[in-house]
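Residue numbers (our numbering): 249 to 490.
C-beta atoms are modelled at their ideal positions from N, C-alpha and C, and glycine is treated no differently.
In what follows, a structure is listed as structure tokens, so that the remarks can point back to it.
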Ligand SMILES: [Mg+2]
């Protein structure tokens, strides 16, 4: 049985030095302004929300909650996601602020090349935003599928969506510990547990090893530099742990 290996993006593959968050707020403001959501009045001051491990859909809802009706927010989402992707591409281009995390390029290649693995994404980024970030390092071709922040409001819904897409592409059914989720926040661990999958946690984002450990990931790494160790874990997720 092959492994469906699903990588998170921010804090796991790369860091954007705040570009992602700024693009999201700017997109919300621009789309609200262009659609004259507040008539001649300026857009009200938007509340700040914590974005780590969150889905773009939920973040936009949290920002606009109490400012616009629920149904209106829902209608604005496609335009906002489209704008986020455009702003990200502009901001990433030659800025140098987007940084590939150590060891990730080699690990992604190793997983993509391994016959026992199918490589995909599981990220809170909307699909266009994810592609914009990964394009900085020409990483998109490595990933055969993904589940994204515009697929659902809760991260816990994403493993099943990814498994469904994997089945459509390959005819293989990925279940339980054959679904491996690699991420940098407690939400990545929680969504792996929710799906009955295998959680590999990495402390290269905003959470330290000590902060991640209580969420009981199946494996916990300081970083993804030691390709062999991470590959060994990925390929043995069904083995009984000593
Ligand atoms: Mg992350």
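If you draw a straight line from the Cα of residue 274 to the Cα of residue 470, it is about 33 Å long.
Note on geometry: alpha-carbon atoms of residue 378 and residue 287 lie some 32 Å from one another.
At least one heavy atom of ligand 1 lies closer than 6 Å to the C-beta of residue 433. Secondary structure of residue 375 (DSSP, three-state): helix.
When secondary structure is reduced to three states using DSSP, residue 410 falls in the helix class. Our two residues, residue 472 and residue 444, have alpha carbons roughly 23 Å apart in a direct line.
Judged by pairs of C-beta atoms under 8 Å, the region 385-399 does not touch the region 330-344, as fewer than three such pairs exist. Here the region 291-311 does not lie against the region 421-429, with fewer than 3 beta-carbon pairs under 8 Å apart.
In the DSSP secondary-structure assignment, residue 446 is bridged to 428. Annotated three-state conformation of residue 272 is helix, per DSSP. At a cut-off of 6 Å, the beta-carbon of residue 258 counts as near ligand 1: some heavy atom of the ligand is closer than that.
The DSSP assignment places complete beta strand (DSSP E) segments of no fewer than 3 residues inside the region 327-396 at 365-370 and 393-395, in order along the chain.
When beta bridges are read from the DSSP output, residue 251 appears opposite 365. Three or more Cβ pairs closer than 8 Å define a contact, and the region 369-383 meets that threshold against the region 399-416. By the CB criterion at 7 Å, residue 405 and residue 376 fall outside the cutoff. Taking the Cα positions, residue 347 is about 31 Å away from residue 417. Of the candidates 452, 486 and 457, 452 places its Cα closest to the Cα of residue 261. In the DSSP assignment, the residues bridged to residue 258 are 262.
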